[in-house]
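Student: Below: one structure in C-alpha cells.
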Amino acid sequence: MSEKKKLLLSSAMAFVLSALGACSSSASLGSEHLKDFHTRYMEQAKDELSPNALHLYVDNSYCIAQGQHSSFYKELVPVLTRRCQEYYSIKGANIVQEDLTAEDAYKRLLSIEDVPYAAIKEAAERIVRGNSEAVLMTDCEYYEQTIARGNTNNAYLEGVFATWLERGHDIYIIAEPYTETTAKGNFAKKRFYIVFTSDKLEHNIYAELSKNVNLNREGVKTLHLSATPPMIVETQSKPEPTLAAQVSSYGRYEVQDWQIDWSSIQSILMQETDLDGQPNANGQAVITGLAFNSREGDLLRVDDVRIRVLPLNTVYSDFVQSLEPASGVSAPQVHTIQALPEAPNFMLLDEKLWKSKRQIALYLDRQNFDPTILDNSAAGANFFRIDILADKVSNITNSDDKIREILVFDDISGGGQNVSLYESVKICLNRPKIQNLLKEQVLYSIYVSTLAY
C-alpha cells in the first residue's frame, strides 16, 4: 500500500470514529428499514407454482418405450416418481389421467407401449395453463393423422414456451441421444425431458434432478429457457475500504452504510489518481467485486449492462414515518417508487472492465459530479439506490450450431431432419416481448446510506 493510501485511510478512520460518536447522540434517519422498504416496493408479486405438485406427461411412443432400456432413463425415473402427483399418458390423440400411487407411476414408466401419433402440443398447452411443475417426456415427433410427414419444420411449441416464460417461469430441456433402428435403417434420435418449472420455487424438480441424477453424462445435454435474469452473482461487492462501509447482503441486493463524510469522499476518492497514485480520470472505484456470468445452457444472455442511481431521501423518509401510526404520514404508493427519476452525473460504470471480464466497478462521476440527490442534510443522512440493469440481450440459439445439434434429430418419416423443437426454441426467444422481459431487468441493487453532504 502506498504512503498516500495509508495516510488517507488513517485520516478517514479517524473521521469515522468521531462521526460514530456524534451519531450516537443524534436522532438521524437510519438504514435499518431499507430491507423492509425493498420488500414492500421492489419484490414484485410472483406467479408462483404450487410446491410438491409435479405432473408427468408421458408420450407413449416407441422412443419413450425404448427408454426403459436406458440407464439414464432409469436414473431419472425414481426422482420423478417420488414427486409425481398426477400422471398423464399421451396415447395418440388422447391424454389420459391415470390413477396412481408412487409405485404405480414407477411401474408405468417402466412398462410403456407404443401408441401411434401423440398429442404433444395439446399436452404442453395443458401444462402452461396450469399452476404446477411438469415434465413432458417425449421424442417431440408431433404427428397428426391429417398432416403428411407431421410437423417436422413447424415450430409448434413456440407459443407454449412463450406463455410459460411470460409468466416468469423456467424451462429446462434435457436431451438424451439414442439410435432408433427401423427397416429403413438407423436414425439419430433424442429423448427429450422438457421440464416446466420455476427457479424461484425452492426445491423445484430441476434442482432435485440436478442433485440426484448425473445430467453431465456423455451425450446428455441440458438447455435453459428463461426471461428472468439468467445471471448468477459470482462474488459479493467490495466497497472501497476508505468508506468504512457496513454491508448487509440479501441475495440479489445489499445495503451499504458509508461511514465517512462527503468532504472526505471527494478529497480521497475523487482525484485524478487512484489511491495507489496511478492516473485515472475517474478517480478511485468506490464499489468493486461484483461479477456476473451466464450459466452453461442459458440460451438468452445479457451482453451489456448499465447502471442507474435513484434518489430515495423523500420516499424512504415517508416510508419510515408511516411505520409510526401516530405520525399521520402515509406510505408512498408503488407507482411513486416506480416513477423515481434517475440521478444524472452521479456515478459511472467501468464499461471496459465489464466487456473484458464481466465484472462491475463503480466510480463517482468526478468530472461531472451532480450532488443534487444528496439533499437530505437536515435529516443527517442521505439515501440512494444503485441498480445494475440488463441493457442488451442476445439469443445464442441464432448463432451457436451446438445448440442446433442438441435440438435437431433425424426424421424417420420422410428423411432429412426434424427441426420443429429447434425452431420452437429459437423463434420463442427471438420474440421482442420475451427479450424485453429480460432487458432492463434489475440484476442487482445496492442501497447506500451516507452522511449529510
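Just so we're aligned: 223 in my numbering is position 221 of the sequence shown, and the numbers increase by one with no gaps anywhere.
The C-beta atom is built at its ideal place from N, Cα and C for all residues, glycine as well.
#1: How long is the line joining the alpha carbons of Pro-327 and Ala-333, rounded to whole angstroms?
#2: In chain order, what residues of the same chain have a beta carbon less than 8 Å from the beta carbon of Leu-167, not counting five sequence neighbours either side?
#3: Give the straight-line distance between the Cα atoms of Cys-142 and Phe-194, rounded to the nearest whole angstrom.
#4: Which residues in the same chain have their Cβ closer than 7 Å to the Cβ of Arg-84, if we skip the five residues on either side of it in sequence?
#5: Below 8 Å, how does it come out for the region 61-70 and the region 169-185: are there three or more Cβ pairs, yes or no?
#6: For Asp-300, which beta-bridge partners are listed by DSSP?
#7: In terms of alpha-carbon separation, which member of Ser-422, Asn-216 and Val-410 lies closest to Ala-157?
#8: By the DSSP assignment, the alpha helix (DSSP H) with Pro-281 in it spans what residues?
#9: Assess, as a yes-or-no matter, whether the region 395-412 is touched by the region 260-276 under the definition of 3 or more beta carbon pairs within less than 8 Å.
#10: Taking only three categories from DSSP, how would you classify Ala-24?
#11: Is Lys-93 helix, strand or coil when you go by DSSP?
#12: Spatial neighbours of Leu-391 within its chain, please: C-beta separation below 8 Å, excluding the five flanking residues on both sides.
#13: Can you list, in chain order, the residues of its chain with a C-beta nearer than 7 Å to that of Ile-339? Leave out the 5 residues immediately preceding and following it.
#14: Please state the DSSP three-state secondary structure of Ile-270.
#15: Leu-51 to Glu-135, Cα distance in whole Å?
#16: In the DSSP assignment, find the unbroken alpha helix (DSSP H) run with Pro-434 in it and report its ends.
#17: Please classify Lys-109: is it buried, with 16 or more other beta-carbons within 10 angstroms of its beta-carbon, or exposed?
#18: Less than 8 Å separating the beta-carbons of Phe-39 and Arg-219?
#19: Thinking Gly-94 and Tyr-59 are a contact (beta carbons under 8 Å), I'd like their distance in whole angstroms, please.
#20: Note down, in chain order, each residue of its chain lying with its Cβ closer than 6 Å to the Cβ of Thr-199, except the 5 sequence neighbours on either side.
#21: Between which residues of its own chain and Ser-447 is the CB-CB distance below 8 Å, once the five residues before and five after are set aside?
#22: For Asp-61, which beta-bridge partners are listed by DSSP?
#23: Tell me, which residues are paired with Leu-138 by DSSP?
#24: Could you have a look at Ile-414 and say whether DSSP puts it in helix, strand or coil?
#25: Can you list, in chain order, the stretches of the alpha helix (DSSP H) that have 4 or more residues and sit fully within the region 368-410?
#26: Short check: CB of Ile-175 to CB of Leu-217, under 8 Å?
#27: Along the chain, where does the alpha helix (DSSP H) containing Ala-177 start, and where does it finish?
#28: Leaving out five residues before and five after Ser-20 in sequence, what residues of the same chain have Cβ atoms less than 7 Å from its Cβ?
#29: If you count every other CB in all the chains shown that lies within 10 Å of the CB of Gly-221, and 16 or more means buried, which is it?
#30: Using DSSP's beta-bridge definition, name the partner residues of Arg-310.
#31: For a cutoff of 8 Å on Cβ pairs, would you count Ser-329 as touching chain D?
#32: Quick check on the burial criterion: 16 or more other C-beta atoms within 10 angstroms. Buried or exposed for Gln-280?
#33: Contact check, Tyr-203 vs Val-81 under 8 Å by CB: the rounded distance?
#34: Please name the residue, chosen from Gly-132, Asn-284 and Ser-319, that lies closest to Asn-370 on a Cα-to-Cα basis.
#35: Suppose you measure from the CA of Ile-289 to the CA of Asp-402; what does that come to, to the nearest Å?
#36: Taking the C-alpha atoms as reference points, what is the distance between Leu-351 and Lys-357?
Tutor: Here's the rundown:
#1: 11 Å
#2: Apart from sequence neighbours up to five positions away, the residues of its chain that approach Leu-167 with a beta-carbon distance below 8 Å are Ile-173, Leu-227, Ser-228, Ala-229, Cys-430, Ile-436 and Leu-439, ordered along the chain.
#3: 7 Å
#4: Ala-104.
#5: Contact between the region 61-70 and the region 169-185 is present: 3 or more CB-CB pairs across the two stretches fall below 8 Å.
#6: His-226
#7: Ser-422
#8: Segment: none, Pro-281 is in no alpha helix (DSSP H) and carries neither H nor E.
#9: no
#10: Since pLDDT at Ala-24 reaches only 42, below the 50 mark, its modelled position is unreliable, and the value read off the structure follows with that caveat. Helix at Ala-24.
#11: strand
#12: Taken in chain order, the residues that qualify are Val-307, Arg-308, Ile-309, Arg-310, Glu-442, Gln-443, Val-444 and Leu-445.
#13: Once the five neighbours on either side are set aside, the close Cβ partners of Ile-339 are Tyr-43 and Val-317.
#14: Looking at Ile-270 - three-state DSSP - the assignment turns out to be helix.
#15: 7 Å
#16: Counted as a single uninterrupted DSSP element, the alpha helix (DSSP H) harbouring Pro-434 occupies residues 434-440.
#17: With fewer than 16 Cβ atoms within 10 Å of its Cβ, Lys-109 is classed as exposed.
#18: Cβ distance not < 8 Å, so Phe-39 and Arg-219 don't count as in contact.
#19: Not quite, the Cβ-Cβ distance comes to about 14 Å (not below 8 Å), so this is no contact.
#20: Glu-135, Asp-172, Asn-206, Ile-207 and Tyr-208
#21: His-40, Met-44, Arg-254, Tyr-255, Glu-256, Arg-387, Ile-388, Asp-389 and Ile-390
#22: Ile-92
#23: Tyr-59 and Ile-196
#24: Coil.
#25: 403-409
#26: no
#27: For Ala-177, there is no enclosing alpha helix (DSSP H); the enclosing beta strand (DSSP E) has its first and last residue at 172-184.
#28: Residue confidence is low: Ser-20 scores 45 on pLDDT, short of 50, so the model does not pin down where it sits. No coordinate-derived value is stated.
#29: exposed
#30: Asp-389
#31: Annotation note: the requested chain D is absent from the structure, which comprises a single protein chain.
#32: exposed
#33: Note that residue 203 is Leu in the sequence shown, not Tyr. Contact flag wrong, Cβ pair sits at about 16 Å.
#34: With distances taken between Cα atoms, Asn-370 lies closest to Asn-284.
#35: 35 Å
#36: 11 Å
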